[in-house]
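Student: Residue numbers are given in our numbering: position 208 of the sequence shown equals residue 269, and the series is strictly consecutive. Where is the CB? At the ideal position from N, CA and C, for every residue including glycine. Structure incoming, see below.
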Amino acid sequence: MSQIGTEVLIIGGGIGGAAIARELSKYKIDATLVEKGVDFGQGITKCSSTIMCQGANVLEFRPEYHNSRLVWGGMTLMEPLCQELDVPFKKMGSLEVFKNKEQMKHLNKMMRRFKEYQDKYLPPDIEPLQFLDRDEIRKQEPNLNKKFMGGVYDPNIAINDPVRLTIALVDNAKRNGINVLTETEVIDISAGTDEFEVETNNGTITCRYIINAAGEYIADIAQMVDADDFAMYPVKAYQAVLDKKRGDMIKSMVLSVENGMVSPTIHGNLFFGISPLTQRLGRAHDHSTDKKLADIALGHAQTLLPDISAGDIINSFVGFIMFRNFEVGWHECTVGASRWVPGFINASIGYPGICAAPAVAREMIEILTEEGLSLEENPQFDPYEKAMPDFSDLPDEEKKQLIAQDPRYGHVVCRCETVTEGEIVEAIKRGARTLDGVKFRCRPGMGRCQGGFCGPRVTKILARELGISEEEVTKKGGESRNLLYKSKELLEAQQ
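The following block contains the structure:
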């Protein structure tokens, strides 16, 4: 690419940029989404909690906050969106527990605020909270610590796979006419009289409007054109994933008034972490885990579920949530046109970002219209996507039919997650170019061995299907090669 022109340029292929791109595809418009990585949803989105449509805990936000309105608006949009895109969505509820009268007062206050907000602000389909006593929480979650006296159950909490949702949003946007460019990093931006000139590692893009959805890099992008009329602070969030053998310990997300949270995932694992609302500021873009955070998180998880041990952990990671400065409001977002640069729109959702994304995307249409963009509906827009088959979840008869159509579905490559060669090939056909790209589409490498068994086999399949050598296969693009040389070549070099 040397130079291209587009009307609207979306920077960032996380959940926010993907949702905006898909929303714009409902209109006749020349729009382009650029992502600096090789795939989508690999930044803040990948490190999110997977918890959507949050209800009671968001009531800690003030109703006048823009972010609160977006979260509450997103509650009713998320489930139908997932149905259209054939992405799993499951309501599981949450149980926030207390162990003394002081903590009970906090939950009583939350219930009173819920009732007040339900009448004024919340969508009409939001279900009421329920107060449960000691016997009731024990009946609902028998593995909970016996010290807890009671809790508040919120039936509105749901879970999903945010990366699969992001990929499905991009796929649907692309199929409906949005231009999508990966491995395209924005290096500099110049603002002219009526257009922007955006320099990337692949050439120049000219556009009338820029939507800055660059996640933890939103401030870096805005500073390029002096549109950073805000301050952002990165908060480091630690999470750990448990072996599936622990997956049936709880039915709902459980959390304590003090801190700590344990939740099921859509794929049958449990994960735990510390609420980002109570964590410390981190160094920008530092994704390293550390023992202190890990020990704190495990301790809080064991307070809720004493049977959890460090030996149950199969992976851990950190991500960043970008918060506004304290003067504006800890929970406020940055979604709106820049006051200083016409046509430049910032879109940083903050916390909780996943469930707010559909509402942000809809609001972006209003903002673009206010900025002067004329929009005409796209009569050819098709909202539906069809997910690739999940072999392990299919009935036996459907498995037999699939194997008869393509024998590669009879070859199990990942034993932990029962992922077949057929699924891996289909993931590659749908855009996977790396080990992580395959992993986040059909889960090889997400089980107990974390790719120790299936990793070399997935590498071989990627090399074969992409027509490259195994040494050229990367984990996540760039220089992240897993195989630097073959042992035979090393021996020959030493002779």
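Specify, as a first and last residue, the run of the alpha helix (DSSP H) that V315 falls within.
Tutor: Run containing V315: none in the alpha helix (DSSP H); it sits in the beta strand (DSSP E), M314 to S317.
Student: Thinking C-beta only, is E432 closer than 8 Å to Y546?
Tutor: Not in contact: Y546 and E432 (Cβ atoms no closer than 8 Å).
Student: Does DSSP put Y182 in a helix, a strand or coil?
Tutor: Of the three classes helix, strand and coil, the one that applies to Y182 here is coil, per DSSP.
Student: A252 by DSSP, collapsed to three states: which one?
Tutor: Three-state result, A252: strand.
Student: Exposed or buried, which one is A292 when buried takes at least 16 other CB atoms within 10 Å?
Tutor: So A292 ends up on the exposed side.
Student: Just the Cα atoms here: how many angstroms apart are D304 and E532?
Tutor: Approximately 30 Å between the Cα atoms of the pair.
Student: May I ask you to verify whether the region 469-487 touches the region 502-520, counting CB pairs closer than 8 Å and requiring at least 3?
Tutor: With a cut-off of 8 Å, the region 502-520 and the region 469-487 count as touching, because enough Cβ pairs lie within range.
Student: At 4 residues or longer, and completely inside the region 187-230: list those alpha helix (DSSP H) runs for me, N to C.
Tutor: Correct list: 195-201.
Student: List in chain order: all unbroken alpha helix (DSSP H) runs of 4+ residues lying wholly within the region 102-162.
Tutor: Here the runs fully enclosed are 127-146.
Student: So, with DSSP's three-state summary, where would you put K297?
Tutor: If DSSP states are grouped into helix, strand and coil, K297 belongs with the strands.
Student: Could you work out which residue in G276, N273, N376 and M285 is closest to S251 when comparing CA atoms only?
Tutor: When each option's Cα is compared against that of S251, the closest is M285.
Student: In angstroms, rounded to a whole number, what distance separates the CA positions of N206 and R195?
Tutor: So the two alpha carbons sit approximately 11 Å from each other.
Student: Measure the alpha-carbon distance for I71 versus N204 and round it to whole angstroms.
Tutor: For I71 and N204, the distance between alpha carbons rounds to 46 Å.
Student: Consult DSSP for F175 and reduce its assignment to one of helix, strand or coil.
Tutor: DSSP places F175 in helix when its eight states are reduced to three.
Student: If you run the structure through DSSP and keep just helix, strand and coil, what is I271?
Tutor: Note: I271 maps to strand in three-state DSSP.
Student: Along the chain, where does the alpha helix (DSSP H) that runs through C503 open and close?
Tutor: L496 to C503 is the extent of the alpha helix (DSSP H) around C503.
Student: Under the assumption that V224 contacts K107 (Cβ atoms under 8 Å), give the Cβ distance between them as a whole number of angstroms.
Tutor: Between K107 and V224 the Cβ distance is about 6 Å, and since that is below 8 Å, they are a contact.
Student: Go ahead and pull the three-state DSSP assignment for Q466.
Tutor: DSSP places Q466 in helix when its eight states are reduced to three.
Student: What is the DSSP secondary structure of I76, reduced to helix, strand or coil?
Tutor: Looking at I76 - three-state DSSP - the assignment turns out to be helix.
Student: Please list the terminal residues of the continuous alpha helix (DSSP H) segment that includes M425.
Tutor: From DSSP, the alpha helix (DSSP H) with M425 extends over G414 to E431.
Student: In chain order, which alpha helix (DSSP H) runs of at least 4 residues are fully inside the region 342-372?
Tutor: 352-365, all fully within the region 342-372.
Student: Measuring CB atoms only, is the region 88-103 touching the region 125-143, in the sense that at least three cross pairs come out at less than 8 Å?
Tutor: Segments in contact, no.
Student: Which one of E478, D215, N169 and V379 has the shortest CA to CA distance from C503?
Tutor: Of the candidates E478, D215, N169 and V379, the one whose C-alpha sits nearest the C-alpha of C503 is E478.
Student: Considering only the alpha carbon of each residue, which of V158, A229 and L146 lies closest to G492?
Tutor: Selected option, being the one with the closest Cα: A229.
Student: Exposed or buried, what is A448 when buried is set at 16 or more other beta-carbons lying within 10 Å of its beta-carbon?
Tutor: With fewer than 16 other Cβ atoms within 10 Å, it is exposed.
Student: Tell me the residue span of the beta strand (DSSP E) that contains E260.
Tutor: Note, E260: beta strand (DSSP E), F257 to T261.
Student: Can you list, in chain order, the stretches of the alpha helix (DSSP H) that have 4 or more residues and sit fully within the region 432-490?
Tutor: The qualifying runs are 457-466 and 482-490.
Student: Considering just the uninterrupted stretch of the beta strand (DSSP E) at T93, what are its terminal residues?
Tutor: Start and end: A92 to V95.
Student: Check whether the region 445-465 touches the region 141-149, taking contact to mean three or more Cβ pairs, one atom from each stretch, closer than 8 Å.
Tutor: Contact holds: three or more Cβ-Cβ distances are below 8 Å.
Student: Looking only at its chain, what residues have a beta carbon closer than 6 Å to the beta carbon of L523, apart from the 5 residues adjacent to it on each side?
Tutor: So the qualifying residues of the chain are V534.
Student: Shortest alpha-carbon distance to I410 belongs to which of K536, M507 and A275?
Tutor: Of the listed residues, the one whose Cα sits closest to I410 is A275.
Student: Distance check for F257 and C268, CA to CA, integer angstroms please.
Tutor: Spanning the two alpha carbons is a distance of roughly 5 Å.
Student: Which word fits G360, buried or exposed, when buried means at least 16 other C-beta atoms lie within 10 angstroms of its C-beta?
Tutor: Exposed.
Student: CA-CA distance, D281 and S313?
Tutor: Rounded to whole angstroms, D281 to S313 spans 38 Å at the Cα level.
Student: Can you tell me which of the three DSSP states A288 falls into?
Tutor: Looking at A288 - three-state DSSP - the assignment turns out to be coil, as it is neither helix nor strand.
Student: At the level of alpha carbons, what is the spacing between W133 and V421?
Tutor: Spanning the two alpha carbons is a distance of roughly 11 Å.
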